[in-house]
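Residue numbers (UniProt numbering): 1 to 74.
Where is the CB? At the ideal position from N, CA and C, for every residue including glycine.
Keep in mind the model is a prediction, meaning the values are calculated, not measured.
This is the structure we're talking about:
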């Protein structure tokens with residue numbers, strides 16, 4: 001079994017990929033909250049985002065990560 005370590009990039013022939021621009025539903029929640037997700041019950045902080053994915057799955061996105069990876073569309 002191959003093992004990949006956290007602090008070492010393996011010498012493999014990596015390809016580049018771009019995430020598809022698939023719209024999802026999201027809302028910023030202004031108080032601590034819990035969501036039943038596919039990973040089980042998870043807790044979000046005030047300011048985190050409740051996301052609903054393309055298959056209806058619910059998950060939480062940290063506010064700082066949200067702003068680095070998503071743009072709100074109208």
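For residue 49 and residue 4, the gap between their C-alpha atoms comes out near 31 angstroms.
Within a 10 Å sphere around the beta-carbon of residue 44 sit 16 or more other beta-carbons, which makes this residue buried. The DSSP-derived three-state label of residue 58 is strand. Residue 39 is not bridged by DSSP to any residue. Rounded to the nearest whole angstrom, the C-alpha separation of residue 52 and residue 59 is 7 angstroms.
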